[in-house]
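Chains as they are written, first to last, in the numbering used here: chain F, 104 to 545; chain G, 104 to 545. Note that the Cβ used here is the ideal one computed from N, Cα and C, for glycine as well. To start, the structure itself, in structure tokens.
What follows is the structure, given as structure tokens:
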């Protein structure tokens with residue numbers, strides 16, 4: 104079994120809203136798991152051990168993106184400064200009429216390259232042509248929870264589409280891929296469709312990844328049209344009986360939170376999208392107080408416009424302070440616990456990811472705090488939340504394998520990816536309103 | 104006269120809330136001024152011209168930071184998750200009891216290194232021991248508007264301190280340094296002190312840089328104690344008859360805005376500090392609608408915790424959308440106009456900075472949009488606001504001189520700076536409450 108030794112790093116560990124840094128420790132890895140974390144030894148490593156010198160670097164768990172539409176990066180910058188209805192109906196859904204399976208393959212690689220460079224080793228992705236997304240993940244060496252997005256208008260074929268992908272690709276890429284069924288949202292899926300997806304998820308023993316209560320407006324519209332909130336709709340359809348990733352939840356009510364707390368769901372939190380599209384603020388504090396896990400997310404790179412989880416981390420903490428009117432809200436330790444342990448929980452792997460300790464999977468990033476913007480490093484944890492940039496991530500290990508070393512990508516060819524995406528730019532940027540793939544009318 | 108040719112760049116120009124990109128243009132520079140911007144020519148440059156190849160790079164005006172306390176970077180991370188009163192009284196002011204002139208010299212260099220690396224070529228800095236800050240600016244090759252901060256408790260000596268520095272250093276560093284008188288804030292300066300500073304500013308023909316109406320709470324406290332808002336206090340003291348940089352203004356009233364619009368003041372806007380310290384949101388739209396120029400700012404790196412103006416730009420646009428509840432608010436063109444032309448106006452150099460056109464000073468940054476997080480570059484202007492990172496800045500020219508080339512700093516020695524700051528870290532991090540330099544009690 105392959106052995107890796109990360110030598111002399113300052114190791115970040117988070118637990119129950121507190122974090123600590125173990126100065127100058129060694130991380131021992133065998134195969135794809137961490138076997139030991141111990142004070143650094145000066146003795147030479149055994150000859151069969153690959154050593155990664157990490158003195159002066161901060162070792163953190165690989166970042167987890169709990170909700171994205173990664174391949175949408177190919178449309179980045181094409182839908183700016185518009186309201187959410189226009190964003191869907193005049194931009195995204197007409198643009199996505201252009202989408203081919205190969206666009207997804209190269210768009211996914213582009214986004215994976217961006218995420219690896221930013222220390223993100225795992226992503227819960229919700230999009231189309233996910234067989235091609237899985238091929239990109241296999242190539243990149245990262246971890247992903249993939250769901251093939253479907254709409255109620257697709258009927259039984261849609262249910263079969265998302266279920267058969269989930270069945271076929273569960274455990275793919277040497278186990279680095281998990282799968283989730285992925286109905287789009289309560290406002291694009293009727294009750295019968297949602298119940299059918301929930302039944303398939305139960306049959307397969309899998310979870311469901313869905314947009315829910317994205318704005319207060321959606322909740323009001325749902326109450327008016329269906330007499331229940333979006334969360335109520337999902338609960339009635341049996342969706343929430345499955346492990347569920349609920350994306351956004353800016354529009355959940357107090358009663359929704361009480362209900363959610365009794366069910367196996369987690370919330371994917373993408374604060375940059377909420378600011379940029381003026382969707383309101385998600386009740387992060389209230390949901391966490393009720394015991395609902397919250398994970399960091401980017402959302403798609405057309406609303407974000409990046410896949411940068413360090414930026415999501417910072418915005419989450421700052422918006423929480425702003426909304427509460429109290430700068431003591433969501434302190435550094437809580438923010439980093441969300442970014443690590445709690446994101447792993449939302450991602451469905453609480454005992455395997457988000458922590459650098461024996462028994463956990465070896466998804467590790469090494470961060471260089473030597474840049475002027477991080478100096479002096481009085482408090483590396485505070486730096487990580489408020490000063491560090493994605494570009495400070497130097498080396499990335501996923502599943503026990505080095506996939507970026509000293510900022511050089513080892514699994515993906517960015518120049519090739521840019522060339523292939525570049526060939527399609529003109530075609531991709533033509534909006535085809537008459538062929539829009541859905542209509543936003545919550 | 105030294106000649107520089109930036110060849111084949113995509114040149115960003117902003118005007119009246121719109122921006123355009125001139126594809127593949129040459130920027131001609133003689134001495135410290137831009138002499139021409141024209142479609143790129145393939146002909147070889149004359150032998151006395153230094154050529155900077157910039158094909159595929161975005162050329163933008165050097166970024167301007169209209170309000171900071173740059174040397175505070177030496178305290179970065181030492182005051183997290185505390186309310187504003189505690190931030191001042193238990194952290195910053197007891198910490199600043201440790202401050203020496205040499206700390207300012209090395210802290211200023213640290214911050215200038217950070218800013219150059221992030222494309223910031225000009226800063227309006229408001230701090231202590233500013234003779235040493237000026238020496239650092241001279242060495243760095245950047246531009247600065249410096250003010251020596253003084254408190255009312257210093258009496259006539261304080262007035263003389265800020266005035267004599269402003270008089271002595273106006274035009275220093277080959278004209279790259281302008282000076283401003285710098286009383287701290289209405290809540291730390293009484294009416295007599297403010298009037299004395301205003302009189303000195305008038306005598307010297309210089310402007311005033313001051314904190315004002317930082318929060319709604321300060322405005323309420325001022326009304327209770329002095330019967331006037333902080334803006335009213337400054338107007339009555341004659342401060343606002345001078346060109347003025349007003350930092351923050353989250354707590355200005357509608358009447359304040361009307362008054363400010365008739366006076367030669369600009370507002371420095373530092374949105375990251377407002378979020379992080381829960382200070383509220385500044386009325387950027389209302390101030391601009393009244394004709395008051397708004398410039399981007401970082402504030403000090405203990406509240407920010409960086410000096411990253413691209414981050415301020417992004418936060419300004421996103422918070423404006425969030426607060427207005429409308430994503431059409433402050434679109435890309437307006438945000439970039441604030442970042443360029445309007446920041447130059449607040450900085451006091453509207454006809455010299457913030458625009459890449461003949462006659463303007465040659466402060467130019469070259470940005471590489473080739474990273475995965477900026478690709479494909481459907482809309483480079485949107486990228487600049489929402490996707491670009493400080494680390495994408497490749498080359499920086501200030502006053503016609505290259506001060507960073509391909510990310511290598513040419514004027515400052517970061518390793519030396521880190522070593523010198525590092526020597527003082529233990530001494531600097533000891534809080535001395537009994538020696539706090541002021542008491543926050545607005």
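Distance, residue j Cα to residue i Cα
i: residue 413/F; j: residue 378/F; result: 16 Å
i: residue 259/F; j: residue 179/F; result: 32 Å
i: residue 276/F; j: residue 249/F; result: 12 Å
i: residue 291/F; j: residue 105/F; result: 47 Å
i: residue 225/G; j: residue 190/G; result: 27 Å
i: residue 133/G; j: residue 253/G; result: 39 Å
i: residue 415/F; j: residue 126/F; result: 26 Å
i: residue 228/F; j: residue 516/F; result: 21 Å
i: residue 546/G; j: residue 159/G; result: A query on residue 546/G cannot be resolved here, the shown segment of chain G reaching from 104 to 545 and no further.
i: residue 408/F; j: residue 490/G; result: 6 Å
i: residue 520/G; j: residue 500/G; result: 21 Å
i: residue 313/F; j: residue 117/F; result: 28 Å
i: residue 274/G; j: residue 399/G; result: 23 Å
i: residue 162/G; j: residue 304/F; result: 52 Å
i: residue 237/F; j: residue 264/F; result: 15 Å
i: residue 279/G; j: residue 317/F; result: 50 Å
i: residue 283/F; j: residue 198/F; result: 25 Å
i: residue 513/F; j: residue 403/G; result: 38 Å
i: residue 506/F; j: residue 240/G; result: 41 Å
i: residue 477/G; j: residue 201/G; result: 43 Å
i: residue 328/G; j: residue 130/G; result: 55 Å
i: residue 215/G; j: residue 270/G; result: 23 Å
i: residue 355/G; j: residue 324/G; result: 13 Å
9 Å Cβ cutoff, residue i in contact with chain A
i: residue 191/F; result: Annotation note: the requested chain A is absent from the structure, which comprises protein chains F and G.
Residues bridged to residue i [DSSP beta-bridge criterion]
i: residue 129/G; result: 141/G
i: residue 501/F; result: 504/F
i: residue 163/F; result: 468/F
i: residue 226/F; result: 168/F and 247/F
i: residue 110/F; result: 156/F
i: residue 118/F; result: 121/F
i: residue 442/G; result: DSSP, once it has assigned bridges, lists no residue as partnering residue 442/G.
i: residue 314/G; result: 350/G
i: residue 284/F; result: 311/F
i: residue 399/G; result: 372/G
i: residue 252/G; result: 285/G
Contact check, residue i vs residue j, beta carbons under 9 Å
i: residue 454/G; j: residue 502/G; result: no
i: residue 339/F; j: residue 331/F; result: yes
i: residue 168/G; j: residue 223/G; result: yes
i: residue 430/F; j: residue 115/G; result: no
i: residue 335/G; j: residue 297/G; result: no
i: residue 464/G; j: residue 137/G; result: yes
i: residue 389/F; j: residue 360/F; result: yes
i: residue 371/F; j: residue 170/F; result: yes
i: residue 423/F; j: residue 387/F; result: yes
i: residue 319/F; j: residue 353/F; result: yes
i: residue 315/G; j: residue 288/G; result: yes
Same chain, Cβ closer than 8 Å to residue i, five either side skipped, listed in chain order
i: residue 193/G; result: 185, 534 and 536
Close-in-space but distant-in-sequence residues of the same chain around residue i (CB under 7 Å, 5 per side omitted)
i: residue 148/F; result: 108 and 154
i: residue 405/G; result: 175, 178, 179, 181, 182 and 195
Same chain only: Cβ atoms within 6 Å of residue i, ignoring 5 sequence neighbours per side
i: residue 120/F; result: 436, 437 and 440
i: residue 411/G; result: 221 and 493
Residues in the region 474-486 of chain F with C-beta within 9 Å of chain G's C-beta atoms, listed in sequence order? 474, 475, 476, 477, 478, 479, 480, 481, 482, 483, 484, 485 and 486
Members of the region 217-229 of chain F that neighbour chain G once the beta carbon cut-off is set at 8 Å: 217, 220 and 221
Give, in chain order, every residue of the region 161-194 of chain F whose Cβ lies closer than 8 Å to some Cβ of chain G. 176, 177, 178, 179, 180, 181, 183, 184, 185, 186, 187 and 190
Mind checking the region 310-337 of chain G against chain F and listing, in chain order, the residues whose C-beta falls within less than 7 Å of any C-beta there? none
Determine which residues of the region 505-532 of chain G have a Cβ less than 7 Å from any Cβ of chain F, and write them out in chain order. 517, 521, 524, 525, 528 and 532
Return the residues of the region 338-371 of chain G that lie within a Cβ-Cβ distance of less than 7 Å from chain F, sorted by chain order. none
Compile a chain-ordered list of the residues in the region 428-453 of chain F whose CB is closer than 7 Å to at least one CB of chain G. 428, 429, 430, 431, 434 and 435
Cβ-based contacts, 9 Å cut-off: residues of the region 394-413 of chain G near chain F: 404, 407, 408, 409, 410 and 411
Using a Cβ-Cβ cut-off of less than 7 Å, list which residues of the region 485-503 of chain G approach chain F; keep chain order. 485, 486, 489, 490, 492, 493 and 494
Residues from the region 105-135 of chain G in contact with chain F, defined by Cβ distance under 7 Å: none
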